[in-house]
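K.L.:
Per my numbering, the sequence shown starts with residue 19, numbered consecutively.
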Amino acid sequence: MKRPEPKCPIRLGESCSLCYPGASGPEDCGLVWLVREDPELMEQLNELRREQQAETRARKDAAHSVATSAH
Ligand code: SF4
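1) Looking only at DSSP bridge pairs, what is K25 linked to?
2) Indicate the three-state DSSP secondary structure (helix, strand or coil) for D56 in the structure shown.
3) If you run the structure through DSSP and keep just helix, strand and coil, what is P39?
4) Does the beta-carbon distance from P57 to P44 come in below 7 Å?
5) Ligand 1 heavy atoms versus the CB of S42: any closer than 6 Å?
Quick look at the structure:
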């Protein structure tokens, strides 16, 4: 069975592509570590996450109203 691909915590919505030298996944990625250690970068990342979640919610709501108005 294929293992699920780990998601990159920084490149939101993308799978880990092992872009950081020496990383074998998000768990030992130096870039993830650097971002987590920097409060300003963490805040920016959290802001991006909130925006992405709001977009996803808006898209779901729009799809739901299209589906329910078709009846
Ligand atoms: S190596 Fe690190 S920065 Fe690159 S995709 Fe994977 S988790 Fe993200």
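No residue lacks a Cβ here, since even glycine has one placed at the ideal position from N, Cα and C. This structure is a prediction, so every number in the text was calculated from the model and none was measured.
P.N.:
In terms of the structure at hand:
1) Here the question's residue 25 lines up with position 7 in the sequence shown. DSSP, once it has assigned bridges, lists S33 as partnering K25.
2) Walking along the sequence shown from the start, residue 56 turns up at place 38. D56: coil per DSSP, three-state reduction.
3) Counted from its first residue, the sequence shown places residue 39 at position 21. Correct three-state label for P39: coil.
4) Within the sequence shown, residue 57 is the residue found at index 39, counting from 1. Within the sequence shown, residue 44 is the residue found at index 26, counting from 1. Going by C-beta atoms, P57 is not nearer than 7 Å to P44.
5) Numbered from 1 along the sequence shown, position 24 holds the residue referred to as residue 42. No, Cβ of S42 sits at least 6 Å from all heavy atoms of ligand 1.
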